[in-house]
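Visitor: Each position in the sequence shown, counted from 1, maps to that position plus 9 in this note's numbering. Don't be surprised by glycine CBs; every beta carbon is placed ideally from N, CA and C. None of the values given here were measured: they were computed from a predicted structure.
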Amino acid sequence: MSEDTYRRVVLKLSGEAFGGGKVGVDPDVVQGVARQIAAGVAAGVQVAVVVGGGNFFRGAELQRRGMDRARADYMGMLGTVMNCLALQDFLEKEGVDTRVQTAIAMAQVAEAYLPLRAIRHLEKGRVVIFGAGAGMPYFSTDTVAAQRALEIGAQVVLVSKNGVDAVYTADPKTDPAAQRLDDITFDEALKRELMVVDQAAFSLCKDNGLPMLVFGADDDGNLRRAIVGEQLGTLIHAADD
10 MSEDTYRRVV
20 LKLSGEAFGG
30 GKVGVDPDVV
40 QGVARQIAAG
50 VAAGVQVAVV
60 VGGGNFFRGA
70 ELQRRGMDRA
80 RADYMGMLGT
90 VMNCLALQDF
100 LEKEGVDTRV
110 QTAIAMAQVA
120 EAYLPLRAIR
130 HLEKGRVVIF
140 GAGAGMPYFS
150 TDTVAAQRAL
160 EIGAQVVLVS
170 KNGVDAVYTA
180 DPKTDPAAQR
190 LDDITFDEAL
200 KRELMVVDQA
210 AFSLCKDNGL
220 PMLVFGADDD
230 GNLRRAIVGE
240 QLGTLIHAAD
250 D
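#1: Alpha carbon to alpha carbon, how far is P124 from A116?
#2: Where A89 and G140 are concerned, what is the direct C-alpha to C-alpha distance, given to the nearest angstrom?
#3: Can you grab the Cα-Cα spacing for the pair R44 / L131, in whole Å?
#4: Starting from R157, follow the beta strand (DSSP E) in both directions and report where the run begins and ends.
#5: Quick check: what's the CA-CA separation for M221 versus Q72?
#6: Would you kindly work out how many angstroms separate the C-alpha atoms of A95 and P36, rounded to a whole number?
#7: A48 lies in the alpha helix (DSSP H); which residues open and close that run?
#8: Do L219 and V166 count as a contact pair if the criterion is CB distance below 8 Å?
#9: For T111, count neighbouring Cβ atoms within 10 angstroms of its own Cβ and tell me buried if that reaches 16, exposed if not.
#10: What residue range is occupied by the uninterrupted alpha helix (DSSP H) comprising A198?
#11: Note down, in chain order, each residue of its chain lying with its Cβ closer than 7 Å to the Cβ of Q164, except the 5 sequence neighbours on either side.
#12: From the DSSP output, in three-state form, read off V176 for me.
#13: Among D227, Y177, N217, D98, which one has its Cα closest to the Cα of V206?
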């Protein structure tokens with residue numbers, strides 16, 4: 010392992026990516042994700058994963074359609090677990106021992122979330138996938154990724170994005186003057202109200218000096234590159250880093 014390679018990371022994957030833009034799980038997409046994670050593990054990096062559930066349910070959208078927000082969020086949490094099990098299956102097929110831990114107890118399919126047990130799995134070279142969000146409504150999986158990273162002592166939160174390769178000063182799809190940012194502080198990101206992840210996740214990372222890398226997942230190999238510490242995307246960090 011080179012000096013630039015991370016020791017332990019939390020990788021945040023969007024649920025929408027798992028569906029290939031559709032409802033449900035696209036096995037070809039998940040297989041590709043698993044292969045890249047397996048390559049990162051083979052390079053000596055301890056990898057934990059937080060998966061969204063937007064390919065099944067999004068609590069905020071269901072609320073706008075009249076559902077109770079808390080109940081809609083719980084449905085979204087269950088969607089994340091389906092994605093976790095799909096990723097676990099394909100990682101195991103790549104020869105990577107994998108454990109799913111969930112914030113909502115479901116002993117027949119996953120372990121309960123226990124930080125010390127997760128750390129032990131990582132130390133043994135296993136991938137740990139965290140499902141069911143925080144186990145509470147109103148918390149996004151972006152925030153969960155930051156919280157889990159802090160609890161297990163990860164060095165960075167890797168946030169993969171579809172359709173954008175970095176953080177920009179504005180939406181590059183609608184503003185031709187948007188500028189790509191290779192490096193930015195959390196203070197500046199919060200001041201500019203850059204909505205690449207939710208503000209609670211930014212604040213958690215900022216307050217605890219945990220860097221965040223935002224990068225595009227569209228290019229083949231980018232997940233592996235991010236895991237092993239190659240330069241890509243936008244690094245967001247505390248002001249004194």
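Guide: In short, the structure shows the following:
#1: Cα to Cα, the separation comes out at about 17 Å.
#2: The amino acid at residue 89 is misidentified as Ala; the sequence shows Thr. The alpha-carbon atoms of T89 and G140 are separated by roughly 6 Å.
#3: Here the C-alpha atom of R44 lies approximately 18 Å from the C-alpha atom of L131.
#4: Unbroken run through R157 is the alpha helix (DSSP H), 150-161; no beta strand (DSSP E).
#5: Their Cα atoms are separated by approximately 29 Å.
#6: Straight-line measurement puts the Cα of P36 at about 8 Å from the Cα of A95.
#7: Start and end: 36-51.
#8: Yes. Within cutoff.
#9: The residue is buried, with at least 16 neighbouring Cβ atoms inside 10 Å.
#10: From DSSP, the alpha helix (DSSP H) with A198 extends over 195-200.
#11: Listed in chain order, the non-local C-beta contacts of Q164 below 7 Å within the same chain comprise Y15, R16, R17, V18, local neighbours out to five positions each way being set aside.
#12: In the three-state scheme derived from DSSP, where H, G and I count as helix and E and B as strand, V176 is classed as strand.
#13: Distances from the alpha-carbon of V206 to those of D227, Y177, N217, D98 put Y177 closest.
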